[in-house]
Amino acid sequence: MTLWLALVSAAATAWFAVLIGRHRFWWPGPWLAEGDRPPARDAQWPTIVAIVPARDEAAVLSTTLPTLAAQDYPGHLEIVVVDDESSDGTFEEARRLLAETLNSNQAGRRSWRVLRGEPTAPGWAGKVWALEQGRRAARDATWLWLTDADITHHPATLRYLVSKAETDRRDLVSVMAVLRARTLWEKLIVPAFVYFFALLYPFRRVASGKVGAAAGGCILVKVAFLEKIGGLASIATATIDDLALAGAVRKAGGRCWLGFHEGVRSVREYSRLSALWSMISRSAFTQLRHSWLALAGVVTALALMFAVPPAALTAGAINGDSRVAVIGALTWGSSSASLVPLLRRVFGLSFGWSVLLPVVGLLYAAMTVSSAWSATSGRPIPWRGRPVSVATRHIKKPRLIVPSSRDRLR
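In my numbering, the protein residues as written are 13 to 422.
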């Protein structure tokens, strides 16, 4: 049992280092609006343009778009929806909903446009290209609010975002949306997705300025600073566009903030494992910078930290080695307990799901290997009806494209 003792001791040491040394990533926070004091309603509020890239989102727009229109933001807000080559009537549905919800009662403070997106330009990733078209349509904006079509917002969301950015002198403010966790697979995998994201990019470390990170479902970015980094063209090829944008902002000396807000929620449904698998594996190997050495390290670490503790508990119990069994049990229990705050505070789920963290950790290892295999074989991963290649390849610098003179608002 000497080998088991060495392995489980290594796992326990690794978990101790992670739980103590990663800025309390396991405790949800900071929270938007906590401690913030929004300016009075009669204060000068900057002009905001919300850009919503939408690809085959007709089914969810009736739930999400009205929450943008219902923002109690005192300043001017323009909503720009970019139909990203949809085939389900997204363009028509967006126009209908915005026409119905943005009425004369909000005259002078609200405006909207729905654009028919151009085919993805050479050298651009699909979503970034859709955002770029929305950016080009934005006029006189001080801030751009980048939000996904599947996200619902509390009426005060924008007011709090702007307050955080202006009073705290941030150049980018982002909120991790509360992802849907209702089906079996969602409850098992989604909380761990946020857990691992926070482990890699501790939210409090982002707030301290030591790392740049953002969550793509809700980002407020200063237009002047976006121009300083070269606009969205600077991240044109990015598969992980949110992290790329935040990283570029921080690299240029900007200040980012990333946190939670209970009023920002995703309605995207992941009823099958395959959907979650595609969502995670499409960017996993990219996150490792296509490094096979990094892949080997990550898979080894995941196996050590998630497979060894329960296996050691079992082996120790069978072979009568109490030291191995106790260390395995304590390590498994401690790691599982670290997921409980996120389960309870953010997702409202039972703490019992935390016991399955080892299973989820090994699933994530398999998804990461799957992502690497797709890169090796050149097999694209389907995502939102569009194949996403994770292969390492040289991509030409995006060319600047002059917007078409024909009307895109038809």
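Idealized CB from N, CA, C, for every residue including glycine.
Quick caveat: nothing in here was measured; it's all calculated off a predicted structure.
Rounded C-alpha distance that separates residue 188 from residue 293: Numbered from 1 along the sequence shown, position 176 holds the residue referred to as residue 188. Numbered from 1 along the sequence shown, position 281 holds the residue referred to as residue 293. The alpha-carbon atoms of residue 188 and residue 293 are separated by roughly 19 angstroms.
query: Where residue 261 and residue 378 are concerned, what is the direct C-alpha to C-alpha distance, given to the nearest angstrom?
result: By 1-based counting over the sequence shown, the position of residue 261 is 249. By 1-based counting over the sequence shown, the position of residue 378 is 366. If you take the alpha carbons of residue 261 and residue 378, they lie about 32 angstroms apart.
- request: Hey, could you find the ends of the alpha helix (DSSP H) residue 192 is sitting in?
  value: Position 180 of the sequence shown holds residue 192. Note, residue 192: premise wrong, no alpha helix (DSSP H); not H, not E.
- prompt: Is it right to say residue 196 is buried, meaning 16 or more other beta carbons lie within 10 angstroms of its own, or is it exposed?
  reply: Working through the sequence shown from its first residue, we reach residue 196 at position 184. Exposed, because fewer than 16 other Cβ atoms sit within 10 Å of the Cβ of residue 196.
task: Verify whether the separation of the beta carbon atoms of residue 30 and residue 156 is less than 9 angstroms.
output: As a first step, residue 30 must be located in the sequence shown, where it is residue number 18. As a first step, residue 156 must be located in the sequence shown, where it is residue number 144. No. Outside cutoff.
query: On the three-state DSSP scale, how would you describe residue 178?
result: Locating residue 178 in the sequence shown gives position 166, counting from the first residue. Helix.
message: Please tell me whether residue 218 and residue 258 are closer than 9 angstroms, where the distance is taken between their beta carbons.
response: Your numbering for residue 218 matches position 206 in the sequence shown. Your numbering for residue 258 matches position 246 in the sequence shown. The answer is yes: Cβ separation under 9 angstroms.
- prompt: What's the gap between the Cα of residue 163 and the Cα of residue 278?
  reply: One-based indexing of the sequence shown puts residue 163 at position 151. One-based indexing of the sequence shown puts residue 278 at position 266. Approximately 4 angstroms, taken between the alpha carbons.
- request: Please report the residue range of the alpha helix (DSSP H) in which residue 30 lies.
  value: As a working note, residue 30 is residue 18 in the sequence shown. Residues 14-33.
query: residue 124 lies in the beta strand (DSSP E); which residues open and close that run?
result: Stepping through the sequence shown from its first residue, residue 124 is reached at position 112. It spans 122-128 - the beta strand (DSSP E) in which residue 124 sits, taken as one unbroken run.
field: For residue 232, the residue or residues it bridges with in DSSP
entry: By 1-based counting over the sequence shown, the position of residue 232 is 220. 157, 185, per the DSSP bridge assignment.
- prompt: Tell me, which residues are paired with residue 43 by DSSP?
  reply: Start at 1 with the first residue of the sequence shown, and residue 43 comes out as number 31. Answer is 272.
task: Counting only the same chain and skipping the five closest in sequence on each side, list residues whose C-beta sits under 7 angstroms from that of residue 267.
output: The count along the sequence shown starts at 1 and reaches residue 267 at position 255. For residue 267, where only same-chain residues beyond five positions count, the Cβ hits under 7 angstroms are 181, 182, 183, 221.
- request: Can you give me the Cβ contacts of residue 324 inside the same chain, cut-off strictly under 6 angstroms, excluding the 5 residues immediately before and after it?
  value: To locate residue 324, count along the sequence shown from 1; it is residue 312. If we look at residue 324 and ignore the five residues flanking it on each side, its Cβ neighbours are 16, 20, 336, 340.
task: Can you have a look at residue 116 and say buried or exposed, based on whether 16 or more other CB atoms are within 10 angstroms of its CB?
output: Within the sequence shown, numbered from 1, the residue matching residue 116 stands at position 104. Note that residue 116 scores 45 on pLDDT, short of 50, meaning its location in the model is unreliable and no value can be drawn from it.
message: Can you tell me whether residue 132 is helix, strand or coil according to DSSP?
response: The residue labelled residue 132 in the question sits at position 120 within the sequence shown. Reduced to three states, the DSSP call for residue 132 is coil.
For residue 117, the three-state DSSP class (helix, strand or coil): Counted from its first residue, the sequence shown places residue 117 at position 105. Below a pLDDT of 50, predicted positions are generally treated as unreliable, and residue 117, at 46, falls in that range; the measurement from the model is reported next regardless. Residue 117: helix per DSSP, three-state reduction.
Bridge partner(s) assigned by DSSP for residue 89: Locating residue 89 in the sequence shown gives position 77, where the first residue counts as 1. Answer is 60, 122.
message: Between the alpha carbons of residue 315 and residue 373, how many angstroms are there, rounded?
response: What you label residue 315 is simply residue 303 of the sequence shown in a count that begins at 1. What you label residue 373 is simply residue 361 of the sequence shown in a count that begins at 1. The straight-line gap separating the alpha-carbon atoms of residue 315 and residue 373 is approximately 8 angstroms.
Coarse secondary structure for residue 388, derived from DSSP in three states: In the sequence shown, residue 388 corresponds to position 376, counting from 1. Residue 388: helix per DSSP, three-state reduction.
query: Does the beta carbon of residue 75 sit closer than 9 angstroms to a beta carbon anywhere in chain B?
result: Absent here is chain B; the protein component of the structure consists of one chain.
field: Cβ pair residue 244, residue 224 closer than 9 angstroms
entry: Here residue 244 is taken as the residue at index 232 of the sequence shown, counted from 1. Here residue 224 is taken as the residue at index 212 of the sequence shown, counted from 1. Not in contact: residue 244 and residue 224 (Cβ atoms no closer than 9 angstroms).
- prompt: What are the residues that DSSP puts in a beta bridge with residue 95?
  reply: In the sequence shown, counting from the first residue as 1, residue 95 sits at position 83. Answer by DSSP bridge pairing, in chain order: 66, 128.
field: Proximity of residue 203 and residue 27 at Cβ, strictly below 9 angstroms
entry: The residue labelled residue 203 in the question sits at position 191 within the sequence shown. The residue labelled residue 27 in the question sits at position 15 within the sequence shown. The answer is no: Cβ separation not under 9 angstroms.
query: Quick one: is residue 151 buried, meaning 16 or more other Cβ sit within 10 Å of its Cβ, or exposed?
result: Here residue 151 refers to the residue found at position 139 of the sequence shown. Under this definition residue 151 is an exposed residue.
- request: Have a look at residue 240 and residue 264 and give me their C-alpha separation to the nearest angstrom.
  value: Within the sequence shown, numbered from 1, the residue matching residue 240 stands at position 228. Within the sequence shown, numbered from 1, the residue matching residue 264 stands at position 252. When rounded, the distance between both Cα atoms is 8 angstroms.
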